[in-house]
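Respectively, the protein sequence lines represent chains D and H.
Take the position in the first sequence, starting the count at 1, then add 2; the result is the number in the numbering used here.
Take the position in the second sequence, starting the count at 1, then add 30; the result is the number in the numbering used here.
Worksheet: one structure, shown below.
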Amino acid sequence: MGGYRPGWLNGAVAWATVIYLILPITIILPVSLTDQRFLSLPVHALSGEHYLRLLTTPAWTNAILQSAFIAVASTVLAVVLGTLCAIGCWRLSRRSTELVRALMLLPIIIPSIAYAIGLYRYFAKLGLLDSFTGVVIAHGVTGIPYVVITVSTALAAFDPRLESAARGMGASLPQTLRWVILPRIAPGIVSGAIFAFIHSWDELVVVLFIASRRVFTLPRKIWDGINENLDPAMAAVAVLLVAMTVLLLLLDLALRRQRRD
Amino acid sequence: MSPKGRHAAGWWALILPAFLLMTAFYVAPILQVLAISVTEPSPGLGNYERLFTSESVQRVIGTTLRIGVVTTAVALLLGYVLAYRIALAGPRAQRWWLLAVLVPLWISVLVRAFAWVTLLRRQGLVNEGLLAAGVIDQPLSLVWNEFGIIIGMVHYMVPYAVLPMLSAMREIDPRVLAAARGLGASRTGAFLRVFLPLSLPGVIAAGVLVFIFSLGFYITPAILGGGKTLMVAEWIKLQILDLIRWGLGAMMATVLVVAILATLAVFSRLVNLRRLFGAGG
């Protein structure tokens, strides 16, 4: 903003806020490398034993694999349905589709605790409690908003005349989708997929209610760990989670930049 | 059917799968909560009566509103300062500032709560550090109380506060500020009488968003509150999983959902979720 410099107080508080946002997250890295048996900073040397323990304990590796499977499956569900829905709403673009779009955003607005208790009873009737199908459906449905948002944003920059031209020249709807619309909005779809994946990978509240013995995801394992025994393996798993999120976000930023250039 | 009608039918068919899945597996379970709240343990509005008669119900609502208001106020204040700094930064610097806001936004709530426990508990790094430095001789209770909850919740909410405010600030024409300065306004004057009022819609949107997210928050208050300070979401879980009082838990969940949707409806013109999540670029 031309010639407008922030004052020193503004700068100081802004920096302090950023440190408050970032520092607590970075602290888990040294803690995960401690040579002690309990949560602490390394005393004599850095040690990778907690990572080793993490990757050789079946309870942890199972939880990681289960979470990865559920996250991938529910991301596919959310991306396919969310993308098609966003395209339909964009093309029709009338009052009723605005309502549909608002409906698709509900899972972000309504607290997951309310959904979780309703789903618990609902799945009990359908026999879906403690099943992978059940968790994938729940995570897929609650991942749809992220896809609808990113794909709608991508579509807002898409010239609708391209679509009319394709249809005018005789392309069918599936052909128009495949060759005209989807290639143009691919970065938006990838963004949506990334956010839907992170959403499922981190989701805990719904899983606490609808899963028990068979389905045991990573967030549940961490939750139990925080409530029962705090040990450095928790810090190691936390570091792995953060690394994964940061990598996915950097990928998203790189894609957005590419799209702009 | 006319060709045009058939055309539209094709597009509606794209919407249909998501619509059906959302109705069957999202809306229906939510409506089930509403149904439970008026049928269990006996049909009628008995559960809702508790809103006016039960002290424990009123206490948990009071605690939730208090924590929600404090969290919103602190998150707005820090968020505004940060958004202002970002809005004034150059394009390159802006990218870094933004990354510092977006990374915490997407990092697992559980991981963050765990990090705060590591730092703030009695044998945590903050207490150990202060003890070693001789600043204190008794560990401070920084967590498993309301203070810990607010530290963790503000940490979660600041990014949600920054993004709508930043997007409002970016729409302010810098020439307006230059004009104010040219006409003799001081720096503070230009900020208070020009910038601040123009950024107000963003502040309100951020406030609404942070407040409604705070009301239904489960994980952070449950971990950092240590079971002593109960907010609505944890209270609902307690009623249902531990005390098996479905009616009461469902009633509170319904009240929560209605309160949130009503708040959003009132401010619907100011809060644009799509803009929030599109703000990363």
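Virtual Cβ for every residue (Gly too), placed ideally from N, Cα, C.
In terms of alpha-carbon separation, which member of D/22, D/184 and D/240 lies closest to residue 112 of chain H?
-> D/22
Nearest-angstrom Cα distance between residue 178 of chain H and residue 254 of chain H?
-> 6 Å
Name the chain H residues whose beta carbon is nearer than 7 Å to that of residue 1 of chain D?
-> Only positions 3 to 263 of chain D appear in this structure, which leaves residue 1 of chain D out of reach.
Going by the CB atoms, is the gap between residue 208 of chain D and residue 149 of chain D shorter than 8 Å?
-> no
Could you list the residues in the segment 54 to 69 of chain H with a C-beta less than 8 Å from some C-beta on chain D, going in chain order?
-> 55, 56, 57, 58, 59, 60, 61, 62, 63 and 66
Should the segment 259 to 269 of chain H be called in touch with the segment 48 to 63 of chain H, which here means at least 3 C-beta pairs below 8 Å?
-> no
Sequence-distant residues of the same chain with beta carbon closer than 8 Å to residue 152 of chain H, five excluded per side = 169 and 171
Does the pairing of the segment 181 to 193 of chain H with the segment 233 to 247 of chain H give three or more beta-carbon distances under 8 Å?
-> yes
Distance, Cα to Cα, residue 165 of chain H vs residue 233 of chain D?
-> 27 Å
Report the residue from D/58, D/143 and D/241 whose alpha carbon sits nearest the alpha carbon of residue 198 of chain D.
-> D/143
Taking 8 Å as the CB-CB limit, is residue 114 of chain D close to chain H?
-> yes
Which residues in chain D sit within 7 Å of residue 258 of chain H, going by Cβ to Cβ distance?
-> What residue 258 of chain H touches in chain D: nothing, since even the nearest Cβ is about 14 Å away.
Report the rounded CA-to-CA distance for residue 207 of chain H versus residue 299 of chain H, giving the unit in angstroms.
-> 26 Å
Report yes if the CB atom of residue 116 of chain D is closer than 8 Å to the CB atom of residue 287 of chain H, and no otherwise.
-> yes
Could you check how far apart the C-beta atoms of residue 97 of chain H and residue 183 of chain H are, in whole angstroms? I think they sit under 8 Å.
-> 7 Å
Classify residue 91 of chain H as buried or exposed, calling it buried when 16 or more other Cβ atoms lie within 10 Å of its own Cβ.
-> buried
Indicate whether residue 138 of chain D and residue 72 of chain D have their beta-carbon atoms separated by less than 8 Å.
-> yes
For residue 77 of chain D, I'd like the list of residues in its chain whose CB is within less than 7 Å of its CB, leaving aside the five on either flank, ordered along the chain.
-> 145, 195, 198, 199 and 202
Within 10 angstroms of the Cβ of residue 199 of chain H, are there 16 or more other Cβ atoms? Answer buried if so, exposed if not.
-> buried
Beta-carbon of residue 246 of chain H versus every beta-carbon of chain D: anything under 8 Å?
-> yes
Would you call the segment 127 to 145 of chain H and the segment 16 to 33 of chain D touching, i.e. three or more CB-CB distances under 8 Å?
-> yes
For residue 138 of chain H, decide whether its Cβ has a neighbour in chain D, counting only Cβ atoms nearer than 8 Å.
-> yes
Tell me whether residue 167 of chain H is buried or exposed, calling it buried when 16 or more other Cβ atoms sit within 10 Å of its Cβ.
-> exposed
Validate contact between the segment 240 to 247 of chain H and the segment 107 to 126 of chain D using beta carbons, cut 8 Å, 3 pairs = yes
Under the three-state DSSP convention, the category residue 12 of chain D falls into = helix
Residue 190 of chain H at chain D interface by Cβ criterion, 8 Å = no
Nearest to residue 60 of chain H by CA position, among H/282, H/42 and H/125, is which residue?
-> H/282
Candidates D/130, D/40, D/20 and D/17: closest to residue 228 of chain D by CA position | D/40
For the candidate residues D/248, D/226 and D/221, whose alpha-carbon lies nearest to that of residue 70 of chain D?
-> D/221
Using a C-beta to C-beta distance shorter than 9 Å, which residues of chain H count as neighbours of residue 237 of chain D?
-> 144, 145 and 148
Name the residues in the segment 72 to 85 of chain H whose C-beta lies less than 8 Å from a C-beta of chain D; which are they?
-> none
Based on Cα-Cα distance, which residue from D/62, D/94 and D/10 lies nearest to residue 238 of chain D?
-> D/62
What do you get for residue 3 of chain D, buried or exposed, if any count of 16 or more other CB atoms within 10 angstroms of its CB means buried?
-> Confidence in residue 3 of chain D is poor, its pLDDT being 46 and thus under 50, which makes the residue's placement too unreliable to answer from.
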